[in-house]
Structures are given as structure tokens and as C-alpha cells.
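Residue numbers (the numbering used here), protein chains in the order written: chain A, 204 to 606; chain B, 204 to 606. Heads up, the beta-carbon is just placed ideally off N, CA and C, and yes, glycines get one too. These notes are about the structure you will find just below.
There are 2 protein chains.
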Amino acid sequence: MNDSRPIRAKSGTNHEGTSAHNRRVMIDALRINGALSRADLARATRLTKQTVSNIIEELERDGLVSSQEAVRRGRGQPSTPYGLVPEGAFAIGLQIDRHVTRAVAVNLVGSVLVRDEAGLPPGGPSNGTKVVLDLVAGVRSKLAGIVQQSEKRLVGLGAAMPGPFGVAGSGDDPWMMEAWQKFPLLETLTAGTGLDVGLQNDAAAAATAERMVGAAHGLDHAVCLFVGYGIGAGLILNGELYRGTNGNAGEIGMALLFADGKSTPLEHRASLASLYQHLSVDPADPHLHAHINDLALRGDQSIHAWVEAAAVDLRWSIHLIETLFDPQTVILCGSAPEALVNKLIAAIGPLLPSIAERRGRTLPRLQPGMADPWSVALGAAAGPISRAFDPRFAAILKDSLQS
Amino acid sequence: MNDSRPIRAKSGTNHEGTSAHNRRVMIDALRINGALSRADLARATRLTKQTVSNIIEELERDGLVSSQEAVRRGRGQPSTPYGLVPEGAFAIGLQIDRHVTRAVAVNLVGSVLVRDEAGLPPGGPSNGTKVVLDLVAGVRSKLAGIVQQSEKRLVGLGAAMPGPFGVAGSGDDPWMMEAWQKFPLLETLTAGTGLDVGLQNDAAAAATAERMVGAAHGLDHAVCLFVGYGIGAGLILNGELYRGTNGNAGEIGMALLFADGKSTPLEHRASLASLYQHLSVDPADPHLHAHINDLALRGDQSIHAWVEAAAVDLRWSIHLIETLFDPQTVILCGSAPEALVNKLIAAIGPLLPSIAERRGRTLPRLQPGMADPWSVALGAAAGPISRAFDPRFAAILKDSLQS
DNA sequence: CTCATTAAGTCAAGTGTCTTGACTTATTAC
DNA sequence: GTAATAAGTCAAGACACTTGACTTAATGAG
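Spelled out as C-alpha cells, the structure:
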């Protein structure tokens, strides 16, 4: 009672933690490799055949995996491969952007089953909360109409919006969605849906999506450079999304570039916001995405000029990412129109020499990722799926075991 | 046999993994909080009193913890605190630098018991290997002379040298120790000492040291900006050193700065190498360290000019680190003379506005760390200690369990 | 065609580690 | 002096992985 400073310690673990981890490892292996037999799983995970059998049996009972037709592979008893059941789990993903909000429902393997969007009225959360909650409710009930028992298998709601979170805010920056960023979104969504809610910035969501179904599938170290209205980096480190102390890791858009004696955030030079300014168009125009795509396809000169300028900064960004994170690969993705992303990738090459240039590379240094207005919502939905099923240190610890 | 593509999967775990983790959690808690009673440990780790008792008993048998005098804390039976036994384990740390090699022996709590250094002859590993092995052998036998049974409690040898590792090499860069970097140092040291050997770059080693006994003690997210002959960042992410795909994460010295229309690596502008060039002194001079310290203390004009210039770049680096890693704190350390580091810290402030500027901060954004020629060797030694005793995801997995 | 070989998968007992709940010990508060 | 409180132990129990023998089902060699 006297000198009771709080004691800091990591949580211990027990049998349940072990079991939870092993279940996740199985699911992860099936996700990465496709269907595998129990014997394959035992070899790959270093567990015994018996243990694998028990866990697979349990996963099958839970409707997460199912057996496929036996395959003969030479001598010996044929093996029975088990694969993930797509309908084994669902999650809702929600993207809150400047002028629009999007929601999707995805299944265990990351297929989008339902998608819907709505315009966001000006005025921030006070006007937008209802729109957002209605959108989520709509997607949720459509999902329930498509698949039976979806509610029982709904692992959570993932939200994504531009970062950074919880920062004092520079006030004068018209590109910050400060009202939403300050708003207790997590609490509101939890109260409004009754679901387990998570929140990431949009670059992190894009990275989560790439890891589940895209170019980072099965990789342990990958960075997604996300070009959207702003620009950010989603970090997959040691096989998990890295969030930093306050969920703001990877906010590369705020990195400062020096030119002409003054410093400018990367975001002001290479992002859709900078493109819109360059083109003097209205960011709120709902047809803007298609319009820009058209311009890019047509080889518009103004677009070209912006691409060339942005490519210089992106080339530098990729070099910086390689230098600081030493990833297996860098993935360029965005909510930008696909034609624009393609032009950017073409303009970025060749990359600057870096420590990523080494003999024996198997992956390209830079890969294209998803460039789809829905990829952030997909990534948002991938968050809860990943939290529930991917192997993670935190999932082993006693203080995170649920039932 | 037919389509046997390798199956990728994470390793499963079992009872031993659980037990190993819980042991590590106890040791970690005692390291962070000092001596704790079993009841304290049970509450902090969420394990039961009984489990804690068993583990503590085992750790005591192994000579890693010992009981202290009972303390009365109000009503109830007095508690018996247990603390780490410094002599419970030892490790050797080895630093290989441009002109010198240093070795230290440290104990479980990071106290340096033996230190020794030797000049490195030119010619790289072919001439230097024997010097290095002799130095390690000398420190090892001196340790054996000071403490009994030290060999049995020696958990490994940690080596540190400037990175990057395994890179093609730009050939024309006189600041790269390419011969050593290409040399199979790990294998040579393993063969030459029979110990478990680890290798990190010097910034990573500095971070490891700061985490064990310095400003990053007990922190889960901290970045050490290391100013030495080169400049690098040691990354503590999620409570562990982050190495990246090839052990090259954090090589911020290679980040490119644009000025006057051309790009320059940070390392060429803010590092001891740049200072030596600025002062036109011989980097191989053994008295250089003391000399520079003197100059700094005396307020030398040439030093001052370099400090002012370097501070601009370091301020930018710190902003970049905060932006990309979102750490709890940034620690400035180095093998630079302490007076110089102090001048740098003074010149760096005030920091640039960043996402690290938030209400409710408890730690300063920038803290001074160790500035001691021996800190890299200490960090190198801290590597094996950390690998052996700190809670880590990898330590739970079956494929890393030894006996 | 037969049978040894190979490999997948099951069975049942065994083991290790954490958990549970009652109990003992030691101190303070009233 | 006694009740309350907290640390720590004891012994049985539960859980999840392991072990080794066994069953099943295919191939390949003679």
C-alpha cells in the first residue's frame, strides 16, 4: 500500500495460449499454402501428427476448415488435404474518407461479399455518424441475407481513416480530417454496432489487405507505400502490422523534403491532394476518380508533368523505406486510379541504388499492389480477421485470451 | 515427391514453449522493476501464485534469482522479494571498428566486468582475425579469473560492426569496411570460440545496450540514433530489436538528403567521419577521441560550425524517425566524445513539430543515451543476454527450443 | 499376383505445466 | 486478544502436447 508504484511486466501464458497459437499457425499455413494434409501440417509446424489431427478436428467442428478429396502422392496412404472454409468467418470493413464512406463485408479468405458506399455530409462526425452507422448496418444485413448464420461468425468491424491519430493538429492544414480524428470513433462504433471494433490509418489498412490477399501474401517484412489523398506507409514487420506507440507508425507523408531552401512534407508534393491542386479540380467531385483515370490513359500533359515530379519523390521514398525497414519488398498501392498508379510505377523506375540491391533476391524491390477505391475498406475488414486468426505474439499471452 | 514445393508455416509451440516464456517474463519483470515478491509477480504476469512459486524456485536453483530480506508491507505475511543475481549469466561482447577492436564481458544485469581493446592492423579480416580471436580469448580468461564457473554461465558472444551486411557494395566508398562485411565473421567466431555467436550493426548494438541498462530500459518502442564513424538507427519495436530482412534495418546513414540540387547520404553530412573530414584529421589517430572532446569542451570554432550543420540534419533525422516509427522516445547516443554529443543535443533543440508532440507525453521526445567508446561492445554483449532471457515471440516456438 | 515398403492417420497411455481451492504462516488494525 | 489481511504452500486436477504401437491404403519390385 505504501510504495505501490505500478509494476510493469509482460503477461505470462498457459495451455490455452499454446493451443490458441497452434490453431492460428494451422490457419495461417492453410492460408499461405492452400490446402494441406495433416501430415504436411505436422511437418511444417513441427507439431506431432496427433496434435495436428486434434486441432484440425476442432477447426472442422468450428467450421473453419474442411476436408477435400484425398490425393495419392506415390506410395503410402493417400493424404486428405484440408482447406480454409471461406464462410468460416466474416468481418465488416469501414472506410471513412473525406467526402465518402465505404463499407464491405468479407469472408475468411478475404473475398468481398457485400459493398456499399455513401456520401459524407460536411460537418464531420456530428453529421456523419448516422450515415456511417447506417452504412454499416446496411452492409451487415445484406451479408445476413446472403449467408446464413453470418452474425455468429462475424469477428468484428475494422475501421480505416486517414491518420495521424491523437495529434495536437496544426490547425491550418486543410488536408487533415481533424474533427474525425479527434472524435471517439472506436467507442461510437462499438456502441452503435455491438461489434469488436478496430481502427487503423488507411495505409495500414492497405497493407493489411495486401498481406491477406495481395502482393504481401505470406511475407513477414513488407512495406506498402499508399498513395491516396494523402500518402502513408503500411508496415508489415515480423509478420504483423506494426502500429507504433500511438498507431501512427508509417506516416511518411509528413516526412520533410528540402528544396529551394524550405522544407515541404512529402504529402504536399506526391499525393492525390497535390494532383488535385495541380489540376485545379474539386476533390469532392464524385466523378473525379474516373476522370483522372481517363486523363491518365489519354496521356494528358498536365498529368504527365505531375507524374514525373511525383515519381522523383516516390523514388526517394522507396529508397528511404528500403534503408530504414530493410523489407523483402515494397508495394506501391493506393486509392488512386489504376492508370495513374501504372504511370507512376513506370515513371519511378529505375530505383535508386540501396541496400535492397543484393544478389539472390527473389522478389522485385518494387511491386504494384491494389489500386482500387475499395482496397482500404477491404484492408479495414482484413484487420479483425487478422486479429482473430493470424499467429501473433500478443495472442499467446494470458491477458488476451477471451472465452 | 512430385509437386513438393516447400511449405511455409510458422512453428507451433508446446509446454516447453509456455514454460520458457513464463521464465523469461519473470526475469524481464525483475529486470524492469527490481526485486519483486512472488505475489507481485503473480499479479503482474497474470499467472497464479503457485506457478510463480514453481518458476522462481527453478530460477533460484539455476542461480538466476535470489531471495532478499522479507519486507513488511502492512497487514499480512511479509513478502520475500526476489532479485536477479548479477552473476547468473555472462556474455562476451565484441566490437570491430575501423582501426580498433574492443571486447567486454558483462553479467546478467549488464555490468561490465572485463574490458580490453586492441589495434586492428590494416588488411581486413586476413590480418585481423587472429587479433580479434586473441582479444576475445583474453577477455574470456580474465572473466574466468574473476568469477568462478563463468564458462558454464556464458550464454554467448555478441559481435557488432558497422553495417550494412551482405550488400553488393558501392566500391568507391572509403567509409565501408567491405572486407569485414563480406567476411564470414559469424562462422569464424563460432569456430574460433565454440560459443553461440550473434552479429548486429553498431547502431543496433547501441540500442540493445540502451534497452538493457540505459534510457530505453523497459520501453517497448524506442529508436536510438547512433552517431559514430557512420550514423545509424537501432530500432526497438514491440519490445524487441528489429533487424529487418537482412539485419540492415535502421541504416539511416544511407538516407538521402537533397541540397544544392544533388543528393547526399546523411552519413556524409552528420557523422564522425564527416567531422574528421571537416577538421582534416587522421581517423586512425588513437588520441583523436580525447582530442575532439577537448576541442568541444574548449568551444572550438571549427567544431562549433560542424555541430551547427550536423544539428540541422540530425533534427531532420529525429523528425523522420518519429514520423516513421512513432516511438515512445528517441535516444541520441554514439561512440562520439561525450562533450560533442552534449553540444549536439543542445544544438538540435528545439525539435521540429511532429506527430510525437502530443498531450500526455511522459517521456521526452529526445533523450541523451550513452556516449562512450565502449557502449557498442556493451550492446554487443547485451545481444546474447537478451536472446537468452528476454521474452520474445520466437523463443516460444518449437523450432527455437534447445535442450 | 504377392508382398515388402512407404506414408497417412488413429489409439491410448504418458508427461509436463498451469490451475484450483483449501490450508498455513505472519503481520497489522481494532 | 482477536479478526482481518496478505504471502505463500500443498495436493489434486485439468489441459494440451508427446510417444510409440497400430491400422489403413497406396505403390513398386520380384
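| query | result |
| --- | --- |
| CB Trp509(B) to CB Leu478(B), shorter than 8 Å? | yes |
| Closer than 7 Å between beta carbons: that is the criterion. Which residues of the stretch 593-604 of chain B meet it against chain A? | Pro594, Phe596, Ile599, Lys601, Asp602 |
| Mapping the DSSP letters down to three states, classify Leu250(B) as helix, strand or coil. | coil |
| In chain order, what residues of the same chain have a beta carbon less than 7 Å from the beta carbon of Ala514(A), not counting five sequence neighbours either side? | Leu547, Ala550, Ile551 |
| Quick check: what's the CA-CA separation for Asp375(B) versus Pro468(B)? | Unreliable positioning characterises Asp375(B) in this predicted model, as indicated by a pLDDT of 47, which lies under 50. The coordinate reading is nonetheless provided below. Taking the straight line from one Cα to the other gives about 14 Å. |
| Using a C-beta cutoff of 8 Å, does Glu454(A) count as contacting chain B? | yes |
| DSSP has Arg305(B) in a bridge; who is on the other side? | Gln298(B), Glu320(B) |
| Which of the residues in the stretch 392-412 of chain A, read from start to end, lie with their CB under 8 Å from any CB of chain B? | none |
| Chain B partners of Trp519(A), CB-CB under 7 Å? | Leu459 |
| From the DSSP output, read off the bridge partner residues of Gly291(B). | None; Gly291(B) has no bridge partner. |
| How big is the Cα-Cα spacing for Trp378(A) and Ala476(A)? | Bear in mind that a pLDDT of 45 at Trp378(A), under 50, signals an unreliable position, so the number given afterwards is only what the model happens to contain. Straight-line Cα distance between these residues: approximately 8 Å. |
| Taking all protein chains shown into account, do 16 or more other C-beta atoms lie within 10 angstroms of the C-beta of Val644(B), making it buried, or fewer, making it exposed? | Residue 644(B) lies beyond the residue range present for chain B, which begins at 204 and ends at 606; the question has no answer from this structure. |
| Using 10 angstroms around the beta-carbon of Arg305(A), count the other beta-carbons present and answer buried if the total reaches 16, otherwise exposed. | buried |
| Mind pulling the alpha helix (DSSP H) runs of 4 or more residues that sit fully within the stretch 209-281 of chain A? | 218-236, 241-248, 252-264 |
| Could you tell me which chain A residues have their CB closer than 7 Å to the CB of Ser462(B), listed as they occur along the chain? | For clarity, residue 462(B) is Ala in the given sequence; the question names Ser instead. Those within 7 Å of Ala462(B) in chain A are Phe461. |
| Counting only Cβ pairs nearer than 7 Å, list the residues of chain B close to Leu569(A). | Chain B residues near Leu569(A): none, gap ~15 Å exceeds 7 Å. |
| Taking all protein chains shown into account, decide if Arg227(A) is buried (16 or more other Cβ within 10 angstroms of its Cβ) or exposed. | buried |
| I'd like to know if Val370(A) contacts chain B, where contact means its C-beta is closer than 8 Å to some C-beta of that chain. | yes |
| Compute the Euclidean distance between the alpha carbons of Ser578(A) and Asp529(A), then round it to the nearest angstrom. | 25 Å |
| When the distance is taken between beta carbons, is Ala425(B) closer than 8 Å to Ile534(B)? | yes |
| Output the distance between the C-alpha atoms of Leu388(A) and Leu581(A), rounded to the nearest integer angstrom. | 19 Å |
| Measure the alpha-carbon distance for Ala212(B) versus Ile230(A) and round it to whole angstroms. | 10 Å |
| List in chain order: all unbroken alpha helix (DSSP H) runs of 4+ residues lying wholly within the stretch 572-596 of chain B. | 578-592 |
| Can you check whether the C-beta of Asp375(B) is within less than 8 Å of a C-beta belonging to chain A? | Any reading at Asp375(B) is ruled out, since the residue's pLDDT is 47, under 50, leaving its predicted position unreliable. |
| So if DSSP puts Ile434(B) in a beta bridge, which residue, or which two residues, is it bridged to? | Val430(B) |
| Name the DSSP beta bridge partners of Val315(B), please? | Val309(B) |
| State the start and end residues of the unbroken alpha helix (DSSP H) segment that holds Pro468(B). | Counting along the chain, Pro468(B) falls outside any alpha helix (DSSP H), though it belongs to the beta strand (DSSP E) covering 465-468. |
| Determine the DSSP secondary structure at Tyr479(A), reduced to helix, strand or coil. | helix |
| Could you work out which residues of chain A lie near Arg564(B), taking near to mean beta carbons separated by less than 7 Å? | Per Cβ cutoff of 7 Å: no residues; Arg564(B) is ~10 Å from chain A at best. |
| Please tell me whether Ala394(A) and Leu297(A) are closer than 8 Å, where the distance is taken between their beta carbons. | no |
| Leaving out five residues on either side along the sequence, give the residues of the same chain with a beta carbon under 6 Å from the beta carbon of Leu600(A). | Ser214, Thr216 |
| Mind checking which residues open and close the beta strand (DSSP E) that includes Ile534(A)? | 532-537 |
| With a cut-off of 8 Å, do at least 3 Cβ pairs link the stretch 266-279 of chain A to the stretch 230-243 of chain B? | no |
| Check whether the Cβ of Lys385(A) lies closer than 8 Å to any Cβ atom in chain B. | no |
| Can you confirm whether the stretch 410-425 of chain A touches the stretch 352-360 of chain A when touching is taken to mean that 3 or more C-beta pairs between the two stretches lie within less than 8 Å? | no |
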